[in-house]
Amino acid sequence: MNLGFLTNLTILANAGGGAERTLFEEIARRWEAGQWGMYPIATCLVFALAIMIERGIVLFGKASINKDAFLRGLKKHIYAGDLDKAINYVAGQKQTPLTQVIKAGLMNVPKGEDEVQAALDEASLRETPKIEARTGYLAMLGNAAMLAGLLGTVSGLIACFEAVANVNPADKATILANGISEAMNCTGFGLLTAIPSVIAFSILSGRATSLVNDINETSVAVLNLIVNNRDKFKNATVSSAAGHHDEE
379 MNLGFLTNLT ILANAGGGAE RTLFEEIARR WEAGQWGMYP IATCLVFALA IMIERGIVLF
439 GKASINKDAF LRGLKKHIYA GDLDKAINYV AGQKQTPLTQ VIKAGLMNVP KGEDEVQAAL
499 DEASLRETPK IEARTGYLAM LGNAAMLAGL LGTVSGLIAC FEAVANVNPA DKATILANGI
559 SEAMNCTGFG LLTAIPSVIA FSILSGRATS LVNDINETSV AVLNLIVNNR DKFKNATVSS
619 AAGHHDEE
């Protein structure tokens with residue numbers, strides 16, 4: 379990695395005030411020095427950032443719910459044998475993959491335990507891909523950025539060797555400097571793109587796995603509750619209004 383590049387970025391970043399403009403000028407200069415090899419790296423960076431932001435919002439925001447608190451609230455209605463209230467309780471929660479799966483199971487309680495199990499399984503298969511979507515691309519983009527940086531490095535080194543072999547001695551120093559600059563800047567930007575992408579992949583994959591595990595655990599818990607309280611649901615029916623939550 380180009381240590382001088384990192385040092386310059388650190389100095390500029392810590393300078394504050396008017397140095398912010400100089401930081402972008404330095405990045406632009408390094409970009410120009412990296413030549414064509416910067417473009418594939420930048421493409422990987424743009425896509426990686428978009429996936430990181432979108433998946434972060436979904437996995438840590440929209441798809442997140444307090445599983446234990448949700449299950450405690452649901453147990454009260456199941457123990458009371460009030461299916462409509464149980465469904466409306468679930469519908470009134472934040473709409474997440476977990477609540478969608480549980481709601482699908484509750485809607486099939488009057489049809490029997492086998493139908494509840496089938497509905498839970500079907501809903502899980504439908505919701506799980508939404509949780510795991512696009513996260514795997516981060517690992518690919520991180521590897522692609524690193525390889526693109528390596529390609530730029532090889533290009534710069536080729537220019538250096540050509541300068542040594544074929545160029546006028548008076549121009550050798552300039553061409554060698556440009557070739558080395560291209561090689562090091564491509565390597566540096568490639569690593570600066572790859573490292574956050576791989577770290578984000580690990581974090582988001584772990585979060586997705588945790589959410590899927592929550593769905594599986596809660597589905598089993600709800601099925602067991604229904605089975606253990608089957609006598610209370612012998613004559614249960616799902617009203618047409620069940621599952622429709624009116625926000626206040």
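Under this note's numbering, think of the first position of the sequence shown as 379, with each following residue one higher. We treat Cβ as the ideally placed atom computed from N, Cα and C, and that holds for glycine.
Exercise for the section: Give every residue of the same chain whose Cβ lies closer than 8 angstroms to the Cβ of E432, excluding the five residues on either side of it in the sequence, and list them in chain order. Expected result: Numbered from its first residue, the sequence shown carries residue 432 at position 54. Around E432, the same chain offers R512 as residues with beta carbons nearer than 8 angstroms, after the five sequence neighbours per side are excluded.
Problem - DSSP state of V616 mapped onto helix, strand, coil - result: Along the sequence shown, read from residue 1 onward, the residue named residue 616 stands at position 238. DSSP places V616 in coil when its eight states are reduced to three.
Problem - Three-state class that DSSP yields for K489 in the structure shown - result: Residue numbering aside, residue 489 sits at position 111 when the sequence shown is read from its first letter. In the three-state scheme derived from DSSP, where H, G and I count as helix and E and B as strand, K489 is classed as helix.
Practice task
From the DSSP output, in three-state form, read off T388 for me.
Solution key: Counting from 1 along the sequence shown, the entry for residue 388 is found at position 10. At T388, the pLDDT of 40 sits below 50, so the modelled position is not reliable and the matter cannot be decided from this model.
Practice task
Can you tell me which of L525, I435, R450, A578 puts its alpha carbon nearest to the alpha carbon of K508?
Solution key: One-based indexing of the sequence shown puts residue 508 at position 130. Restricting attention to L525, I435, R450, A578, the CA atom closest to the CA of K508 is found in I435.
Practice task
For my contact list, I465 and L449 are in at a C-beta cut-off of 8 angstroms; report their separation, rounded to the angstrom.
Solution key: As a position in the sequence shown, residue 465 is number 87, starting the count at 1. As a position in the sequence shown, residue 449 is number 71, starting the count at 1. With 8 angstroms as the limit, I465 and L449 do not qualify as a contact, their Cβ atoms being about 15 angstroms apart.
Exercise for the section: Within the same chain, show all residues whose beta-carbon is closer than 8 angstroms to that of N594, passing over the 5 residues directly before and after it, in chain order. Expected result: Sequence index remark: in the sequence shown, residue 594 carries index 216 (1-based). Here the set comprises S502.
Practice task
Classify G382 as buried or exposed, calling it buried when 16 or more other Cβ atoms lie within 10 Å of its own Cβ.
Solution key: For this step, residue 382 is matched to residue 4 along the sequence shown. Here G382 scores only 48 on pLDDT, less than 50, and its place in the model is too uncertain to base an answer on.
Exercise for the section: Take A441 and list the residues in its own chain whose beta-carbon comes closer than 7 angstroms to its own, dropping the five residues that flank it on each side. Expected result: For the purposes of this step, residue 441 is identified with residue 63 of the sequence shown, where counting begins at 1. Excluding residues within five positions, the ones whose Cβ falls inside 7 angstroms are T474, P475, I509, L589.
Practice task
Express the C-alpha separation of R408 and I573 in angstroms, rounding to a whole number.
Solution key: The residue you call residue 573 lines up with position 195 of the sequence shown. The residue you call residue 408 lines up with position 30 of the sequence shown. Roughly 19 angstroms between the two C-alpha positions.
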